[in-house]
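Worksheet for the structure shown next.
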Amino acid sequence: MKKISWLLTCFIMIFACMPAAGASESSLPPQTPAAYAAGSYAQLAARLAGGGSHAAAVLADGTVAAWGDNSYGQLAVPAGVITVKALAAGGCHTLALKEDGTIAGWGLNRNGQGDVPAALAGARVKALAAWGGISAALGEDNKIVVWGYDTEEQKSFSRVLESAKAPVTVAVNSMYVLALTEDGKVAAWDWRDNFRTGELPAGFPEKVVALAAGSRHVLALKADGRVVSWSGGDYQDRVPAGLSGVRAIAAGSDCSAALTADGKVTVWGDNSDLLAVPADLAQVRALAAGSGSLYALQGDGTVVAWGRSNNGQCDVPEQLNLFDAVSGNNRLSSLSVESVTNIEGEEQRNTCGIYPQFSSERTEGVTDVAYEAREVRLTAGTFSGKAGLEINGEPAVAGAATVIDAQDLAEGDNPIQVKVKAENGSERIYTLHVKRVRAGYALPQTPQAYRESEPAAWARRLAAGSEHSLVVEEDGTVAAWGNSSDGRCNMPAGLDEVIAVAGGACHSLALKKNGRVAAWGAGGMNDYGQADVPAALGQAAGIAAGDLFSAAVDQNGRVFAWGDNSSGQCDVPSGLENVVEIKCGPNYVLALKADGTVSAWGDNSSGQCDVPANLNQVVAVAAGKSHALALKADGTLVAWGQSHSDLRGQETKFKCPDLQYVKAITAGDNYAAALQWDGSLAVWGDDLGRNIDFNLPLRPDREILALSAGPNYLLALNGDGAVTAWGNPLDYYKGNFQGQCNVPAGLNIFAGAAAHGGPSPDIPQTPAAYAAGVYGQAAARIGWLYYGIAVLNRDGAVQVALTGKDDYGLTEIPAGLNKVKAIASAYFNVMALKEDGTVVVWGNNRDKQCEVPENVKNVTALAINNFNACCLALKADGAVVAWGSNVNGQCDVPAGLAQVTAIAAGETHCLALQTDGTVVAWGDNDHGQCDVPEDLHSVARVYAGNDFSLALKNDGTVAAWGSNNSPDEMYYCGQCDVPAGLSGVVDIAVNGATCAALKDDGTVVVWGDNYYGSRNVPAGLRGVVAVSKWAGAFAVKEDGTVALWGKFPPFNEAEVTGLSNVLTISNATVIFRDGSLKKLGIRSDMDQINEQLKDVSVLSGAEK
1 MKKISWLLTC FIMIFACMPA AGASESSLPP QTPAAYAAGS YAQLAARLAG GGSHAAAVLA
61 DGTVAAWGDN SYGQLAVPAG VITVKALAAG GCHTLALKED GTIAGWGLNR NGQGDVPAAL
121 AGARVKALAA WGGISAALGE DNKIVVWGYD TEEQKSFSRV LESAKAPVTV AVNSMYVLAL
181 TEDGKVAAWD WRDNFRTGEL PAGFPEKVVA LAAGSRHVLA LKADGRVVSW SGGDYQDRVP
241 AGLSGVRAIA AGSDCSAALT ADGKVTVWGD NSDLLAVPAD LAQVRALAAG SGSLYALQGD
301 GTVVAWGRSN NGQCDVPEQL NLFDAVSGNN RLSSLSVESV TNIEGEEQRN TCGIYPQFSS
361 ERTEGVTDVA YEAREVRLTA GTFSGKAGLE INGEPAVAGA ATVIDAQDLA EGDNPIQVKV
421 KAENGSERIY TLHVKRVRAG YALPQTPQAY RESEPAAWAR RLAAGSEHSL VVEEDGTVAA
481 WGNSSDGRCN MPAGLDEVIA VAGGACHSLA LKKNGRVAAW GAGGMNDYGQ ADVPAALGQA
541 AGIAAGDLFS AAVDQNGRVF AWGDNSSGQC DVPSGLENVV EIKCGPNYVL ALKADGTVSA
601 WGDNSSGQCD VPANLNQVVA VAAGKSHALA LKADGTLVAW GQSHSDLRGQ ETKFKCPDLQ
661 YVKAITAGDN YAAALQWDGS LAVWGDDLGR NIDFNLPLRP DREILALSAG PNYLLALNGD
721 GAVTAWGNPL DYYKGNFQGQ CNVPAGLNIF AGAAAHGGPS PDIPQTPAAY AAGVYGQAAA
781 RIGWLYYGIA VLNRDGAVQV ALTGKDDYGL TEIPAGLNKV KAIASAYFNV MALKEDGTVV
841 VWGNNRDKQC EVPENVKNVT ALAINNFNAC CLALKADGAV VAWGSNVNGQ CDVPAGLAQV
901 TAIAAGETHC LALQTDGTVV AWGDNDHGQC DVPEDLHSVA RVYAGNDFSL ALKNDGTVAA
961 WGSNNSPDEM YYCGQCDVPA GLSGVVDIAV NGATCAALKD DGTVVVWGDN YYGSRNVPAG
1021 LRGVVAVSKW AGAFAVKEDG TVALWGKFPP FNEAEVTGLS NVLTISNATV IFRDGSLKKL
1081 GIRSDMDQIN EQLKDVSVLS GAEK
């Protein structure tokens, strides 16, 4: 058991100053707890409740109004909550005490705090209390029932407490359950310590008439009108000196309030949002406190709120008046729909579900009725018996059906207004969209027929992986975007004729028209063989991907599974045959058989493999994280598994809304989505008590053809061929942590690539001319450094701008350095070539790279590689000199190398272009980066990457050799798989293993690592004059604007999309046409660099 002796030292008790002797009786509250509880202050205060971010009030007619946050349904007052006399609000839930002594709860119920516990069955309750996730009720039998969640033990509980003296009221906070007993004393139980009796501080008063509990303190109102505070932990609640004549108290999160006999309010504590009491408060009759807000009931029945209102908890509804005998409740309490159809002369009634499920705070819903329906019957209920009801403009009777002639309804949407008019005249309208299903609509009736249907075919062209997305384009190729680590977005070169895709946690699958399966990704530590397609798999008919495993069904109905088998997901059941479709959850498999039954295996920790008994007539299945769905031939849904396990240890079964005309399904983490008969969507789920609906409109502006669900995002194929992605707004990263929702601009899977048209931009038309022109020369004036950039100013001076520590003295430009005509830079070094042909190097000198050899004179070009810096200098006589790090032989210039016209330094190797157009390479050759193709000639420019090499030829074609994988060789990237037919290239930007080529017609081609979708050049991109690759692919257009794609998610695209007058971008630095610069970055310290660059210009007047 926990010790509570610390309470005696950490808790303090503070008394207000004694009132003057002979204080008048009118300044005193009722003199006993029972009298106080029966008096107006307590009775009125009980009609107000403030929660964590919501509030509620009891109207004069006994109905409830609620406002503020509705994330957990705090505003959805249930039907039947009428004749209410008291409320209590916890963090995200509300309790109501009715006149008959029964209670009701709503809002967050993850811990059962909104349920009525068994201990209260048949009991009459006389007082309520709530805090956080805890509820308490005092019964007329004087027993206190407490239930909810123990934050210390991290488990739910339900407990019955008894006091030696009869309790009159109850309170609860972050430490205690408290009771004020009939003799004016306070009892306390430490719910964090198994409800051990709490020891009150020495001298804690008797003769208490009212009690209020804040988060970390307790207020007691004494019979003499004084207030005593008992606080603990880091918070010390100090009652203002001289406070007396108090009639009511309230306590919230580190704040207290007192109402004095003159109707004024005093507030104190550490919560600064609450200290400024509204000046216009008038004759306050009662107080209530939320977590960070206060509520005052004024003498005229209106409520004034102040404090934190981040979710509207202080936005008291207009016309709210607790004393107005004329009811202002204009809410529907219930709504149901029934259709009547004549089948063979007999009347058949069918309940029609409403989506989203009806609740009192909603204002809109959808229901579908059969085309053959003869009647639609709407039955609505109101909370107030004095409210008027209209349906479609005609008077209606609450609780009685209003009949609508279904044959008069148009196919599709028929909005029907259900209007509630409160007794005071206020109105509220609920719009029910009655959608009449089109004539003859029916799903394919067998799994085989469904697989051949359009919805199934379209769905196969979409795949939402854990953090990456895949689509099959019109030409049978695949586009991918999102997290590209592990190679999951790097489709193999030449992959075409694809008809289906699937995405896992870090790998991808594609099914080709010939039945062959291609797989890629799964690099590094996540390689469980899920990308190694079994040789035994012949022609496949379907594919699916789990987190770290893959599955396929062949054309004979046999299932193959490979990869991670930690949950038995690859142990295909013996004898399983005639399978038509498979779907994978993270670690389990669903198999739909030709007879319409379903088999499941693998992880069953949440019952996701417990297929309901007698489930049949299934035409499609979907696998979520821990739940599964089946679509039946009649368009209805069946679900099993759970959305989550609540803190009581009870499973929360995954449930489906009552949908009847569904044509496709998909499922993600704790949610599912259904494509309905008319192309509209239904999305639902449970995120620990919060409804998952992606905030999608009930009436989409376009028809949806297919869906694919990722863990926290949803892909949709629209009727026009465009692709839409939505992230879960409840997810911390809004479902788009790795850019999986950033659909490539212009992507349309119904449209092929448009042929280039229109004039080409005015750019040099050969590689050599482009390099010598203004774009190439301007870009060469920017050098990348680990913490910043080096810049060659137009006056021949060099400037270094850094954000981090300057450990190597890079900003200490060598004295007298001027007349510089070229620079090169690495992580921690800068090279400068002067007009006299001499070279200066500064920065890190670990490998003596700053000690320029004496023979380095008459130099025409420079190059340097990165961390282990090797410096290269090309001399006017065509010789090459190298110095610095020689870890990989980069300084071992081949003997006899001469007539060199250009040089390049990669991470571990070097390239030299000779006058005859041939290339020489030296240094590390572990990946073939020095194996220059024998027939390579007519080269204009060379590029040395990380373990690979590129050569741009005079005719605009490109040659590549060396590594075709990631730098760590863990996965395929394809940087050496130059796209077939590529020609007309004038410039190449290389970053990592991604290559972006600018063509002479102003178009762009990208290959290699598909970093966040870098290969997805925006459709229709034309008029490009410069390309760059950094935290995305950048294309500078002829008009000076910038196009961006393949963006690293943290990078703010607004940094470039609004720019104008841009010349080019080099090393993450924008060069404007006037020569000024802007450094791009993902850190706030880029402002520091840009401040240093504000007076720099890299272009001369002639270049401008």
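So the sequence shown is residues 1 to 1104, counted in full-length UniProt numbering.
Every residue, glycine too, gets a C-beta built ideally from N, C-alpha and C.
Check                                                                                                                                                                               : Outcome
Specify the secondary structure class of residue 728 as computed by DSSP and reduced to three states.                                                                               : coil
Just checking my contact of residue 64 with residue 77 at CB under 8 Å: how many whole Å lie between their CB atoms?                                                                : 5 Å
Taking the continuous alpha helix (DSSP H) assigned at residue 1057, which residues delimit it?                                                                                     : 1054-1057
Please identify the residue among 880, 942, 489, 746 whose C-alpha is closest to the C-alpha of residue 771.                                                                        : 942
For the segment 276-292 and the segment 250-257, state whether three or more C-beta atom pairs, one from each stretch, are separated by less than 8 Å.                              : yes
Taking all protein chains shown into account, do 16 or more other C-beta atoms lie within 10 angstroms of the C-beta of residue 983, making it buried, or fewer, making it exposed? : exposed
Quick one: what's residue 770 bridged to in DSSP?                                                                                                                                   : Beta-bridge pairing links residue 770 to no other residue.
I need the boundaries of the beta strand (DSSP E) containing residue 831, first residue and last residue.                                                                           : 829-834
May I ask you to report which of helix, strand or coil DSSP gives residue 1090?                                                                                                     : helix
Going by the DSSP bridge assignment, what does residue 1012 pair with across the sheet?                                                                                             : Partner(s): none; residue 1012 has no beta bridge.
Output the boundary residues of the alpha helix (DSSP H) element that contains residue 37.                                                                                          : 33-38
Am I right that residue 1096 and residue 1080 are in contact with their C-beta atoms under 8 Å? What's the rounded C-beta distance?                                                 : Not really, about 15 Å apart at Cβ, beyond 8 Å.
Taking only runs of the beta strand (DSSP E) that begin and end inside the segment 368-424, which ones reach a length of at least 3 residues, in chain order?                       : 375-382, 388-391, 401-405, 412-421
Since residue 728 and residue 712 are thought to touch, with beta carbons under 8 Å apart, how far apart are those beta carbons, to the nearest angstrom?                           : 4 Å
Residues in its own chain within less than 6 Å of residue 994 by CB, not counting five upstream and five downstream?                                                                : 1008, 1009, 1011, 1014, 1029
Excluding the 5 residues preceding and the 5 following residue 884 in the sequence, name in chain order all residues of the same chain whose CB lies nearer than 7 Å to its CB.     : 847, 848, 849, 869, 870, 871, 891
Do residue 971 and residue 1119 come within 8 Å of each other at the CB atom, strictly closer than that value?                                                                      : Limits of the chain in this structure are 1 at one end and 1104 at the other, which puts residue 1119 out of reach.
What's the C-alpha gap between residue 903 and residue 803?                                                                                                                         : 30 Å
State buried or exposed for residue 180, treating a residue as buried only when at least 16 other CB atoms are found within 10 Å of its CB.                                         : buried
In the DSSP assignment, the beta strand (DSSP E) including residue 285 goes from what residue to what residue?                                                                      : 284-289
Taking a contact to mean a Cβ-Cβ separation below 8 Å, would you say residue 823 touches residue 783 in this structure?                                                             : yes
Please state whether DSSP places residue 292 in a helix, a strand or coil.                                                                                                          : coil
For residue 573, I'd like the list of residues in its chain whose CB is within less than 8 Å of its CB, leaving aside the five on either flank, ordered along the chain.            : 599, 601
Looking only at its chain, what residues have a beta carbon closer than 7 Å to the beta carbon of residue 856, apart from the 5 residues adjacent to it on each side?               : 839, 873, 881
Under 8 Å: do the segment 48-58 and the segment 94-109 share three or more Cβ pairs, one atom per stretch?                                                                          : yes
Can you list, in chain order, the residues of its chain whose CB lies under 6 Å from that of residue 635, leaving out five sequence neighbours each side?                           : 443, 660, 661, 662
Please state whether DSSP places residue 448 in a helix, a strand or coil.                                                                                                          : helix
Would you call the segment 302-309 in contact with the segment 263-280, where contact means no fewer than 3 C-beta pairs closer than 8 Å?                                           : yes
Exposed or buried, residue 612, counting other C-beta atoms within 10 Å across all chains shown (16 or more means buried)?                                                          : exposed
In the DSSP assignment, find the beta strand (DSSP E) that holds residue 230 and state where it starts and stops.                                                                   : 227-231
By a C-beta neighbour count over all protein chains shown, 10 Å radius and 16 as the cutoff for buried, is residue 21 buried or exposed?                                            : Caution is warranted here: a pLDDT of 36 is assigned to residue 21, below 50, making its placement in the model unreliable, and no coordinate value can be reported.
With a CB to CB cut of under 7 Å and the five nearest residues on each side skipped, what residues in its chain are close to residue 642?                                           : 606, 607, 626, 627, 651, 652, 653, 654
Here's the rule: buried if 16 or more other CB atoms are within 10 angstroms of the residue's CB, otherwise exposed. What is residue 525?                                           : exposed
Closer than 8 Å by C-beta to residue 477: which residues in its own chain qualify, once you throw out the five before and the five after it? Chain order, please.                   : 491, 495, 496, 498
Report, in whole angstroms, the separation of the C-beta atoms of residue 1098 and residue 1075, which I expect to be a contact under 8 Å.                                          : 5 Å
Could you tell me the boundaries of the beta strand (DSSP E) in which residue 338 lies?                                                                                             : 332-343
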